[in-house]
Amino acid sequence: MWTPIHNRRIDVLVIGAGAAGVGAAIGAARNGATTLLVDVGPTVGGELLTGMTIDGAVNARGELVVSGTLSEILEECKAMDGLVGTFNDYRLIRYICYDPEVMKMAIIKVMARYGVKLLLYTFADDVVVSGNRVTGVMVRNKAGQTLIEADSVIDCSGDGDIAVMAGAEFEIGAKDGDLQPISIMFRMSGVEAEPLLRFVREHPEYVAVGESEVIRDGRTDKELVESLYEQGQPCVFFKGNGPFLSDAIDRKEMFPTALIMIQPTSGPRKEVCINSTRVWNVDPLKTDQLSATMSPLFDQVWTCVNFLKNRVPGFEQAYFAAVAPRLGIRETRRVLGEYVLTDEDVSTGRKFDDGIAKGCHHIDIHGRGRDQVRIPVADGGSYDIPFRCLVPKGLDNVLVAGRCLSATRAAQGTARTMGPCIAMGTAAGTAAALQRTENAENSFRDFPVARLREILKSQGSIIDGTH
Ligand SMILES: Cc1cc2nc3c(=O)[nH]c(=O)nc-3n(C[C@H](O)[C@H](O)[C@H](O)COP(=O)(O)OP(=O)(O)OC[C@H]3O[C@@H](n4cnc5c(N)ncnc54)[C@H](O)[C@@H]3O)c2cc1C
159 MWTPIHNRRI DVLVIGAGAA GVGAAIGAAR NGATTLLVDV GPTVGGELLT GMTIDGAVNA
219 RGELVVSGTL SEILEECKAM DGLVGTFNDY RLIRYICYDP EVMKMAIIKV MARYGVKLLL
279 YTFADDVVVS GNRVTGVMVR NKAGQTLIEA DSVIDCSGDG DIAVMAGAEF EIGAKDGDLQ
339 PISIMFRMSG VEAEPLLRFV REHPEYVAVG ESEVIRDGRT DKELVESLYE QGQPCVFFKG
399 NGPFLSDAID RKEMFPTALI MIQPTSGPRK EVCINSTRVW NVDPLKTDQL SATMSPLFDQ
459 VWTCVNFLKN RVPGFEQAYF AAVAPRLGIR ETRRVLGEYV LTDEDVSTGR KFDDGIAKGC
519 HHIDIHGRGR DQVRIPVADG GSYDIPFRCL VPKGLDNVLV AGRCLSATRA AQGTARTMGP
579 CIAMGTAAGT AAALQRTENA ENSFRDFPVA RLREILKSQG SIIDGTH
């Protein structure tokens with residue numbers, strides 16, 4: 159039986175509370191829409207809570223390309239001493255580091271400021287469609303089934319669940335069916351940065367540096383690791399095809415991986431987040447396959463903890479601190495929209511008249527074992543994400559945002575980072591709020607994007623003026 163929500167009319171319904179959904183809910187509520195954010199999990203923030211850096215928000219030249227909602231959340235982190243800073247990895251990117259424990263609270267604070275309503279522990283499992291419109295989404299939780307009716311629905315499920323249930327076309331993974339591996343992030347505390355950086359300075363061949371010409375800036379590897387040392391932060395990328403990690407993999411002291419990526423999450427706790435684990439050949443839409451990755455991933459976490467403690471200076475007294483609250487999924491469905499962002503658009507840093515968000519991360523496709531494709535954006539710049547990438551073909555009142563955007567696999571391999579996800583979400587939420595007054599009854603296809611761009615700019619989003 160369907161149980162309608164009583165006395166509740168929602169203007170904008172956002173499904174999925176990861177980076178994109180957080181942006182969408184804040185964008186919609188900030189612009190006056192009653193906004194409900196639904197997630198099957200126990201909290202909001204998704205990968206923002208795992209300790210990974212925010213990528214795709216600062217380009218290799220050091221220009222900020224994502225602001226607005228992101229900056230507002232980071233301000234809250236800063237107020238609670240949870241903003242570590244923006245650093246150069248001296249390899250490809252600059253990224254934003256923060257304390258994920260503080261981030262948990264910062265997001266909720268900003269949502270509360272705008273009156274976003276939350277419905278957690280709730281799975282969206284069906285849609286009600288009338289013509290080209292999704293008039294309601296069926297959700298299920300402890301209270302049973304509920305039909306939530308809304309003027310607009312923003313699909314931030316990562317998997318394009320809503321758009322696909324409503325009939326949208328999609329692509330998934332590579333043409334041969336390959337999908338990026340599942341990983342789980344973890345953190346270690348008590349890490350001494352100076353000995354770690356000294357080790358790296360003595361062994362530039364162990365780490366990835368200077369893969370972006372802009373970041374290399376004519377410097378040798380030796381000069382780059384010297385700069386890394388001077389930066390003083392534990393921002394280190396041991397490469398799976400470099401002698402140190404590769405040898406450890408060969409002698410089975412480490413599992414096959416492209417990287418051990420170390421990034422700071424807290425100065426006082428001397429804490430770092432580590433990205434290294436991976437289980438390949440998993441379809442995340444098959445929940446049994448996804449669940450089965452938990453045990454091997456936790457084994458890998460412990461293998462990596464021991465490897466770091468035994469082999470890497472600075473980790474001798476370090477200890478395991480936390481594991482991410484959820485499995486990390488890099489790609490599933492990409493919903494086919496009015497425009498498909500292409501490999502060339504992102505790698506050349508293309509700008510669009512209907513650009514509503516930006517990204518700047520390299521094309522980043524993790525493969526099997528030690529494989530990883532990393533292609534920087536030309537000239538250390540950024541690319542635009544057109545509004546049309548958020549508009550699923552054939553649907554009038556649905557937008558998608560986040561890693562399920564309309565893009566080729568390689569373009570998704572950069573736009574999936576959290577900077578662009580928050581920016582896309584903000585744009586989608588803002589559009590959905592404006593739709594009520596500026597384009598009511600019409601399709602998002604006819605949306606006045608110039609007006610959206612104006613409003614986004616006035617609210618702090620970065621729309622123009624970057625490389
Ligand atoms: C291991 C790993 C490392 C990464 N490293 C970085 C990094 O260092 N920096 C960076 O910027 N990015 C990184 N990324 C990429 C980035 O974290 C993700 O692509 C991004 O967070 C995706 O955000 P999203 O909101 O689109 O989707 P998701 O974070 O997947 O959020 C989707 C949300 O929707 C909910 N949901 C799904 N279906 C339903 C449903 N039917 N009903 C209700 N709720 C539903 C889920 O519970 C989830 O909370 C990494 C990703 C992984 C996996």
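Heads up: the sequence shown begins at 159 in our numbering, then just goes up one per residue.
C-beta atoms are modelled at their ideal positions from N, C-alpha and C, and glycine is treated no differently.
(1) In whole angstroms, what is the alpha-carbon distance linking valine 383 and tyrosine 248?
(2) One question on the structure: do glycine 545 and cysteine 393 come within less than 8 Å of each other, judged by their Cβ atoms?
(3) Hey, how far is the Cα of valine 629 from the Cα of serine 616?
(4) Between the segment 210-225 and the segment 531-546, do at least 3 Cβ pairs fall closer than 8 Å?
(5) What residues match up with leucine 305 in a beta bridge as DSSP calls it?
(6) Under a Cβ-count criterion, where at least 16 other Cβ atoms within 10 Å of its own Cβ denotes burial, should glutamine 303 be classed as buried or exposed?
(7) Beta-carbon of valine 607 versus every beta-carbon of chain B: anything under 8 Å?
(8) Have a look at Asp334, Asp379, Asp375, Thr415 and flag the residue whose alpha-carbon is nearest the alpha-carbon of isoleucine 340.
(9) If you measure between the beta carbons of lysine 428 and valine 481, is that distance less than 8 Å?
(10) State the beta-bridge partners of phenylalanine 396 as determined by DSSP.
(11) Which stretch, first to last residue, makes up the beta strand (DSSP E) that contains arginine 345?
(12) Please report the distance separating the alpha-carbon of aspartate 213 from that of isoleucine 254.
(13) If I measure Cβ to Cβ from aspartate 503 and keep anything under 7 Å in the same chain, skipping five residues before and after, which residues do I get?
(14) Under 7 Å Cβ to Cβ from isoleucine 533, same chain only, skipping five residues before and after it: list those, please.
(15) Which residues in the same chain have their Cβ closer than 7 Å to the Cβ of valine 211, if we skip the five residues on either side of it in sequence?
(16) Nearest to alanine 479 by alpha carbon, out of Arg167, Gly209, Ile184, Gly174?
(17) Taking the beta strand (DSSP E) that threonine 193 falls in, what are its first and last residues?
(18) If contact is defined by three or more beta carbon pairs under 8 Å, each pair taking one atom from either stretch, is the segment 456-475 in contact with the segment 346-366?
(19) Compare the Cα-Cα distances from glycine 176 to each of Gly486, Tyr497, Val295, Ser229 and report the closest residue.
(20) So for cysteine 547, helix, strand or coil by DSSP?
(21) Under 6 Å Cβ to Cβ from methionine 412, same chain only, skipping five residues before and after it: list those, please.
(22) To the nearest angstrom, how far is it from the Cα of alanine 598 to the Cα of leucine 250?
(23) Closest by CA to alanine 639, which one among Cys462, Val459, Ile580, Val437?
(24) For my contact list, glycine 243 and valine 260 are in at a C-beta cut-off of 8 Å; report their separation, rounded to the angstrom.
(25) Under 7 Å: does the beta carbon of glycine 623 sit that close to some heavy atom of ligand 1?
(26) Three or more C-beta pairs closer than 8 Å, one from the segment 600-611 and one from the segment 189-203: is that the case here?
(27) Rank Arg567, Val196, Lys262, Glu612 by C-alpha distance to the C-alpha of threonine 500 and give the top, closest one.
(28) Compare the C-alpha of lysine 262 against each of Val180, Thr378, Phe396 and name the closest.
(29) So within the segment 558-610, which uninterrupted alpha helix (DSSP H) runs reach at least 4 residues, ignoring any that extend past its ends?
(30) Excluding five sequence neighbours on each side, which residues of the same chain lie with their C-beta closer than 8 Å to the C-beta of valine 372?
(31) Say yes only if the C-beta of isoleucine 173 is nearer than 7 Å to one or more non-hydrogen atoms of ligand 1, and no if none qualify.
(32) DSSP three-state label for glycine 181, please.
(33) For glycine 425, tell me which candidate among Arg469, Val549, Glu307, Gly390 has the shortest Cα-Cα distance.
(34) Alpha carbon to alpha carbon, how far is serine 385 from leucine 355?
(35) Quick one: Cα of glutamate 230 to Cα of aspartate 408, how far?
(36) Assign glutamate 234 to one of two classes, buried (16 or more other C-beta atoms within 10 Å of its C-beta) or exposed (fewer than that).
Result, derived from the coordinates:
(1) The C-alpha of tyrosine 248 is placed about 8 Å away from the C-alpha of valine 383.
(2) First, the amino acid is wrong: residue 545 is phenylalanine here, not glycine. No, these two residues do not count as a Cβ contact at 8 Å.
(3) The requested residue 629 does not occur in the structure, where the chain is confined to residues 159 to 625.
(4) yes
(5) Note: leucine 305 is bridge-paired with Met296 in the DSSP secondary-structure output.
(6) exposed
(7) The structure shown contains no chain B; it holds only a single protein chain.
(8) For the options Asp334, Asp379, Asp375, Thr415, the alpha carbon positioned closest to that of isoleucine 340 is the one of Thr415.
(9) no
(10) Val365, Ile418
(11) 344-347
(12) 7 Å
(13) Closer than 7 Å at the Cβ level, and outside the excluded window around aspartate 503, lie Tyr541, Ala569.
(14) Ser505, His520, Ile521
(15) What sits at residue 211 in the sequence shown is threonine, not valine. Same-chain partners within the cutoff: Tyr253, Ile254, Cys255, Gln421.
(16) Gly209
(17) 193-196
(18) yes
(19) Answer by Cα proximity: Gly486.
(20) When secondary structure is reduced to three states using DSSP, cysteine 547 falls in the helix class.
(21) Ala406, Phe465
(22) The C-alpha of alanine 598 lies about 43 Å from the C-alpha of leucine 250.
(23) Only positions 159 to 625 of the chain appear in the structure, and residue 639 is not among them; the question remains open.
(24) Contact check for glycine 243 and valine 260: beta-carbon distance about 14 Å, past the 8 Å limit, so the pair fails to qualify.
(25) For ligand 1, not one heavy atom lies less than 7 Å from the Cβ of glycine 623.
(26) no
(27) Arg567
(28) Val180
(29) 567-573, 576-596
(30) Ala218, Arg219, Pro534, Asp537, Gly538
(31) yes
(32) helix
(33) Gly390
(34) The straight-line gap from Cα to Cα measures roughly 10 Å.
(35) 45 Å
(36) buried
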